[in-house]
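Chains as they are written, first to last, in the numbering used here: chain B, 7 to 670; chain V, 0 to 163.
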């Protein structure tokens, strides 16, 4: 293989040499050399291909042994044993495959008695399937066993301190399934000599990822589990995008590449800076930007056009600015020596057609180095600070400054867009500043005038004016601020609640005290009582019983934006008064109210109160769920909304509820 | 070329008689055990590796094998090579595969008698001390015997301790 590599290289050099001169004989000879070399290369690659059956051959024996020792009855079926893979890959997947098969026999397939009780045949079926798909080989390992219980996985992860309660509650089923890839995770109730020792799936995953593959799991509790391995055909050659930065050429593996964006003088978009952090607006979303020249430590080249390579690392995306994008090439990956192992930004090196070496960039390492991806992984963060983190949430916040308020924040999820307008764009409608925006009229609210009425207003005199656009249904409001500072991901710890109108409270964000803006006040300033005039359909009344004004404020905004009418209550007495005053369709109650259980009982005792859906808002899983219909983390606003929606529609069906709604 | 490198006792202790491949770095006369040397090449295209330690001049393509090049001037804490002068590559075998040392000039292969060896003078700069296993008195000049393994390690991870 190495010899062929050298031959290919020599061929490349001859071709390059040939292209510089016009010698017909040489030309013909080099063409011939080219053809022969290519054929030889293909031939050698082919001899390296081996059928996956070579690994599978050992599995029937393994399955028989394992099932025998565990008292299971397992029937092994194999499809596509003649699917071919590179020799080195066959070697690399041997262990992971063996592990997965053991796992399926032990955790997946139940004991014969259990299976018969569930009406399944006594013997379980383990099905292996290998097939080519899009330049990759897929290997599926399916069993018709017990499947995996997502709730139990979550519970286990929390018990073992692998993940925080807050985070767990926000995982969807698919994400929760991936918990089993965390190091130290095992759901086996008892440790057997086959599996359950907590070493395993993480190793499987890292082994598969090392050869550029991926692991995917799907399951149906009580029915089946399928593990799907996606494996590249060969390790040696991967497609890559060649980019240039400074004087060097670099290769980005095609698997991480999402799209290319080219900005020149005529394009509308540009890279903007939020407190020094570059971002790009890609189809309405902010994409963090890193500069390859910064990462590599050479001066940036000033150019008319900007090339952004949009990359995906783990589950996040970022843009990498490079000097130029050349082309895609099939490259041969070679490892870096130990002297360069410490450099996370490179995945290896390769030799280009001209015989020179080019470095292959490691997308994950680049992302971390440049700070567009957090350096810490969830698994590293949890455990040590678990107790301290209860009640906190990592949340993306937009930070800005206006007038006397040095540091203000709103949750980024509420922000629709960030805009810049010139002074000339401001017009007045009914003595209120407005701007023509996307074919509509955008009312402009100087945030200063809301927070500190009467204070000299500076944000509208800036040029350009920085505007944060919030959207409510089909109506938008632009809030003019002095300066956008940053977008930050941090946990929100409330330190102080505010009595100033327009502010919800203060929290420490990014090690500095930051005020949270109460958007309700802003919207009221824009539209009068905007809730009443909101064009979104009214969706019912929600009683929000929560001791913390700050949390109430945050949730209220979300609920009102979603179209609910919100009544607030700080304690049980207030809650009961609210229940008496108007019809309440749903109750959200914090489980840490001093007398939450009494509140539940009191509401349940009320006439008609037995059917009111109640959602508990918790900060940790230790809270009781007695009497509640659902339980959600108070900081996970999306899930809270989803839960409300679900319960509200379920309850609206009985006629009694409909009458209630009409009476209101 | 087929002989694989083994770290035999003779390379760690000063041997009776050994052959040394010699080279010049900024006027200093170095020798390296000839059994460690794979080949000697003229100046090659070096692809720099941004963010790598300064002693790593870059990567070179050695007939399809990618080999790191260590700039011996930087490794020894000496001034950089003047521009326009070309370096020579001395490719040595190590446990981690081949690596290239960028040196100024390549000299002859010398037979050296072990009796001519002396401990390293105490007043040598620390960067150089840690890389030198001994000094050999030749008739007209001094030959510094390079510890190839150490030269390939990143600077600062090893001290010169342990060398008598």
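Cβ coordinates follow ideal geometry from the N, Cα and C atoms, glycine included.
Taking only beta-carbon positions, decide if residue i is within less than 9 Å of chain B.
i, result
"residue 44 (chain V)", "yes"
"residue 63 (chain V)", "yes"
"residue 164 (chain V)", "Limits of chain V in this structure are 0 at one end and 163 at the other, which puts residue 164 (chain V) out of reach."
"residue 148 (chain V)", "no"
"residue 37 (chain V)", "no"
"residue 95 (chain V)", "yes"
"residue 151 (chain V)", "yes"
"residue 58 (chain V)", "yes"
"residue 31 (chain V)", "no"
"residue 66 (chain V)", "yes"
"residue 51 (chain V)", "yes"
"residue 9 (chain V)", "Below a pLDDT of 50, predicted positions are generally treated as unreliable, and residue 9 (chain V), at 41, falls in that range; the measurement from the model is reported next regardless. By this cut-off, residue 9 (chain V) is not an interface position."
"residue 102 (chain V)", "no"
"residue 47 (chain V)", "yes"
"residue 111 (chain V)", "no"
"residue 108 (chain V)", "no"
"residue 239 (chain V)", "The structure shown does not extend to residue 239 (chain V), since chain V is modelled only from 0 through 163, so no value can be given for it."
"residue 69 (chain V)", "yes"
"residue 145 (chain V)", "no"
CB-CB under 8 Å to residue i, same chain, minus the five flanking residues each way: which ones, in chain order?
i, result
"residue 421 (chain B)", "404, 474, 475, 476"
"residue 487 (chain B)", "406, 407, 408, 414, 453, 465, 472, 473, 474"
"residue 638 (chain B)", "175, 621, 622, 623, 624, 645, 646, 649"
"residue 527 (chain B)", "456, 507, 508"
"residue 368 (chain B)", "350, 351, 352, 353"
"residue 491 (chain B)", "280, 281, 405, 406, 407, 413"
Please check if any C-beta of chain V sits within less than 9 Å of the C-beta of residue i.
i, result
"residue 362 (chain B)", "yes"
"residue 42 (chain B)", "no"
"residue 355 (chain B)", "yes"
"residue 571 (chain B)", "no"
"residue 302 (chain B)", "yes"
"residue 252 (chain B)", "yes"
"residue 14 (chain B)", "yes"
Run the CB neighbour count on residue i, radius 10 Å, all protein chains shown included, and call it buried at 16 or more, exposed below.
i, result
"residue 113 (chain B)", "buried"
"residue 134 (chain B)", "buried"
"residue 23 (chain B)", "exposed"
"residue 109 (chain B)", "buried"
"residue 308 (chain B)", "exposed"
"residue 211 (chain B)", "buried"
"residue 49 (chain B)", "exposed"
"residue 143 (chain V)", "buried"
"residue 552 (chain B)", "buried"
"residue 291 (chain B)", "exposed"
"residue 517 (chain B)", "exposed"
"residue 206 (chain B)", "buried"
"residue 83 (chain B)", "exposed"
Which same chain residues, not among the five before or five after residue i, have their C-beta less than 7 Å away from its C-beta?
i, result
"residue 23 (chain V)", "102, 103, 104, 106"
"residue 524 (chain B)", "508, 509, 510, 559"
"residue 572 (chain B)", "548, 550, 562, 565, 566"
"residue 117 (chain B)", "77, 78"
"residue 59 (chain B)", "87, 88"
Tell me which same chain residues have a C-beta within less than 6 Å of the C-beta of residue i, skipping the five on either side of it?
i, result
"residue 189 (chain B)", "208"
"residue 304 (chain B)", "252"
"residue 371 (chain B)", "350, 351"
Proximal residues, the region 365-376 of chain B versus chain V, C-beta separation under 9 Å: 365, 375
Closer than 7 Å between beta carbons: that is the criterion. Which residues of the region 331-351 of chain B meet it against chain V? 340, 343, 344, 345, 346, 349, 351
If contact means a Cβ-Cβ distance below 7 Å, which residues of the region 79-90 of chain V contact chain B? none
Just checking, does the region 60-75 of chain B make contact with the region 38-52 of chain B on the three C-beta pairs under 8 Å criterion? no
The region 165-181 of chain B / the region 251-269 of chain B touching (three or more Cβ pairs under 8 Å): no
Three or more C-beta pairs closer than 8 Å, one from the region 312-331 of chain B and one from the region 26-40 of chain V: is that the case here? no
Taking contact to mean at least 3 C-beta pairs separated by less than 8 Å, is the region 224-237 of chain B in contact with the region 153-166 of chain B? yes
Of all the residues that make up the region 115-138 of chain V, which are near chain B by a beta-carbon distance shorter than 9 Å? none
Taking three-plus beta-carbon pairs below 8 Å as touching, is the region 81-88 of chain V in contact with the region 124-134 of chain V? no
Measuring CB atoms only, is the region 50-69 of chain V touching the region 341-350 of chain B, in the sense that at least three cross pairs come out at less than 8 Å? yes
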